[in-house]
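Sequences listed follow chains A and E, in order. Once you know that position 184 of the first sequence is 184 in UniProt numbering, the rest is easy, because the numbers rise by one and skip nothing. Once you know that position 132 of the second sequence is 132 in UniProt numbering, the rest is easy, because the numbers rise by one and skip nothing. Built from N, CA and C at the ideal position, the CB exists for glycine as well. The model shown is predicted, which means the values in this text are computed figures rather than measured ones. Worksheet for the structure shown next.
Number of protein chains: 2
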Amino acid sequence: MIIGLAQHLKQDFGIDFHEQSLLDEAFTHASYVNEHPKQNLKYYERIEFLGDAVMQLCVSEYLFKRYPGMPEGKLSRLRAAMVCEDSFSKFAKECHFDEYIRLGKGEEKSDARQRPSLLCDIFESFIGALYLDQGKDEVVSFISKVVFPKLDLGWFDHFFDHKTALQEYLQQDGECQIDYKLVAQEGPDNERRYRMAVFANGEELGQGTGYSKKAGEQAAAAQALKKFGQAATK
Amino acid sequence: MIIGLAQHLKQDFGIDFHEQSLLDEAFTHASYVNEHPKQNLKYYERIEFLGDAVMQLCVSEYLFKRYPGMPEGKLSRLRAAMVCEDSFSKFAKECHFDEYIRLGKGEEKSDARQRPSLLCDIFESFIGALYLDQGKDEVVSFISKVVFPKLDLGWFDHFFDHKTALQEYLQQDGECQIDYKLVAQEGPDNERRYRMAVFANGEELGQGTGYSKKAGEQAAAAQALKKFGQAATK
């Protein structure tokens, strides 16, 4: 039994696991199993396989319902930004899951406990265990606290394509000529920033700054969308 | 409303859709929407996005529970063989979904109705619509009739690695020397077939034939597993 894990889940997330063995499996790395051959332990990979699919569905369903007008291509890109190693490893850290992983000594020495790929795996295997133990509604309740609020905190904003959103908004009633122009370059060579402006049929709609011309264009488009009361995500 | 579809689902699968509009959306291609701009129609891509994730989870959960001893790598490969364009397009045909797709005239002319990628999309969007209309249990009930029995019919057998399964079986109690040898070549040059035999510590366990040496080895390993009462999948 992994000491403290069940209590941590109860205290911090109100989750009361029925099958402790599922929780143990979800937090046990193969290297630990190999070092304890007589204990007949299981490692997390099979539960992680399931948890990955559970996350895909829960996030897909949430996005599908939250953004009823968003085309499939954007939904897919947004899901990819949320369901990925980078995001999951951050969620795992935030939930302090790293403190409860059972690792072999060699892995421990090579600092595997802080490796994003392992943290991502553990987040998925925890989700798989929670799904098996308590069903999908309980998973949705958990990720409604840990994952979905990050959308409103702007974690995935870099993923939205403001230029395309602006183009779609401006051209919904017919053709419209959109141009981006460099307004100024700021800062020293190694930290050069580009201020870009966006124009629709010659009229300036907004300006924005970025560390590349492209990033500046995105910032300018976001600024223009704000002016029209349109966010790229909505 | 797509004529005959609701009745077909009721008669052949006992499925009674509550929201007809979901069904219409799931079977409508973008080309049809474009040709009927005044009807304010929706096309299937958003529902397909959801249906894809629903299938991933339902198949993952089924495999996870059916094969409790199967390692994650094999589970993933088997899932990939089941959740793919080739399989889904066949399921769609078998369910006669191709007869109900609403297509634009240009697409109809280019024979899109029989294109595997479209059939696959429609199978996924149907699953998405069924999930939204009736929930996951009803989806599992449907694919228990249409998808899961194909496992027992051998549809995905080509995906199992009999050589690895044989090796795992033979080496479970210690080392064992496994060799494959060419026994005979049969047929003309352009249809050459290779008969291979498999040996464990010098004892012949089985023979098999294939259009490559590798395929012959797989067939020989499958034959040996049969002898031991072991299928590669179990």
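Straight-line gap, residue 196 of chain E to residue 203 of chain E (C-alpha atoms, nearest Å): What you label residue 196 of chain E is simply residue 196 of the second sequence in a count that begins at 1. What you label residue 203 of chain E is simply residue 203 of the second sequence in a count that begins at 1. Roughly 14 Å separates the two Cα atoms.
Option in A:179, A:178, A:194 and A:55 with minimal Cα separation from residue 185 of chain A: As a working mapping, residue 185 of chain A is identified with position 185 in the first sequence. The residue with the shortest Cα to Cα distance from residue 185 of chain A is A:194.
Neighbour-count burial assignment, residue 125 of chain A, 16 or more Cβ in a 10 Å radius: The residue labelled residue 125 of chain A in the question sits at position 125 within the first sequence. It counts as buried.
Beta-bridge pairing of residue 102 of chain A - partner residues as DSSP gives them: Numbered from 1 along the first sequence, position 102 holds the residue referred to as residue 102 of chain A. According to DSSP, residue 102 of chain A bridges with A:28.
Under 7 Å between C-beta atoms of residue 119 of chain E and residue 57 of chain A: Here residue 119 of chain E corresponds to residue number 119 of the second sequence, with the count starting at 1. Here residue 57 of chain A corresponds to residue number 57 of the first sequence, with the count starting at 1. Cβ atoms of residue 119 of chain E and residue 57 of chain A: not closer than 7 Å.
Where residue 48 of chain A meets chain E, residues with beta-carbon distance less than 8 Å: If you number the first sequence from 1, residue 48 of chain A lands on position 48. The contacting residues are 72.
Buried or exposed (CB count within 10 angstroms, at least 16 for buried), residue 74 of chain A: On the first sequence, residue 74 of chain A is found 74 positions in, with the first residue counted as 1. Residue 74 of chain A should be labelled buried.
From A:36, A:39, A:61 and A:22, residue whose alpha carbon lies closest to that of residue 45 of chain A: As a first step, residue 45 of chain A is located in the first sequence; it is residue number 45 there, counting from the start. Comparing Cα positions, the closest option is A:22.
DSSP state of residue 4 of chain E mapped onto helix, strand, coil: Here residue 4 of chain E refers to the residue found at position 4 when the second sequence is read from its first residue. In this structure, residue 4 of chain E counts as coil in the three-state DSSP scheme.
Alpha helix (DSSP H) segments (min. 4 residues) lying fully within the segment 148-209 of chain E: Whole alpha helix (DSSP H) segments, 4+ residues: 149-152 and 162-170.
Segment contact, 8 Å Cβ cut-off, at least three pairs: the segment 134-154 of chain A with the segment 101-108 of chain A: Contact fails: fewer than three Cβ-Cβ distances are below 8 Å.
Any chain E beta carbon closer than 7 Å to residue 107 of chain A: One-based indexing of the first sequence puts residue 107 of chain A at position 107. For residue 107 of chain A, the answer is no, since every Cβ of chain E falls outside 7 Å of its Cβ.
CB contact check: residue 56 of chain E to chain A, cutoff 7 Å: To locate residue 56 of chain E, count along the second sequence from 1; it is residue 56. Under the 7 Å criterion on CB atoms, residue 56 of chain E is classed as interfacial with respect to chain A.
Unbroken alpha helix (DSSP H) run spanning residue 111 of chain E, endpoints: Position 111 of the second sequence holds residue 111 of chain E. In the DSSP assignment, residue 111 of chain E falls outside any alpha helix (DSSP H), carrying neither H nor E.
Straight-line gap, residue 64 of chain E to residue 52 of chain A (C-alpha atoms, nearest Å): Mapped onto the second sequence, residue 64 of chain E falls at position 64. Mapped onto the first sequence, residue 52 of chain A falls at position 52. Roughly 12 Å separates the two Cα atoms.
Collapsed DSSP secondary structure at residue 17 of chain E in the structure displayed: For the purposes of this step, residue 17 of chain E is taken as residue 17 along the second sequence, with counting starting at 1. It is coil, neither helix nor strand.
Residue-chain proximity (residue 148 of chain A, chain E), Cβ-Cβ < 7 Å: Reading the first sequence from its first residue, position 148 is the one you call residue 148 of chain A. No, no contact with chain E.
Reference residue 201 of chain A, options A:215, A:219 and A:171, closest by Cα: Position 201 of the first sequence holds residue 201 of chain A. Comparing alpha-carbon positions, the option among A:215, A:219 and A:171 lying closest to residue 201 of chain A turns out to be A:171.
Residue 219 of chain A, buried or exposed, once every other Cβ within 10 Å from all chains shown has been counted against 16: In the first sequence, the residue the question calls residue 219 of chain A occupies position 219. Residue 219 of chain A is buried by the Cβ-count criterion.
Three-state secondary structure (DSSP) of residue 51 of chain E: The sequence position of residue 51 of chain E within the second sequence is 51, counting from 1. Residue state, collapsed to three classes: helix.
Rounded separation between residue 2 of chain A and residue 113 of chain E - CA only: Taking the first sequence and counting its residues from 1, the one referred to as residue 2 of chain A is at position 2. Taking the second sequence and counting its residues from 1, the one referred to as residue 113 of chain E is at position 113. Distance from the CA of residue 2 of chain A to the CA of residue 113 of chain E, rounded to the nearest whole angstrom, comes to 55 Å.
Cβ shell of residue 116 of chain E (< 8 Å), same chain only, five flanking positions each side left out: Sequence index remark: in the second sequence, residue 116 of chain E carries index 116 (1-based). Here the set comprises 85, 86 and 89.
Residue 213 of chain A - DSSP class collapsed to helix/strand/coil: Here residue 213 of chain A is taken as the residue at index 213 of the first sequence, counted from 1. Looking at residue 213 of chain A - three-state DSSP - the assignment turns out to be helix.
CA nearest to the CA of residue 166 of chain A, picked from A:154, A:8, A:223 and A:66: Taking the first sequence and counting its residues from 1, one reaches residue 166 of chain A at position 166. Ranked by Cα distance from residue 166 of chain A, the options A:154, A:8, A:223 and A:66 are led by A:223.
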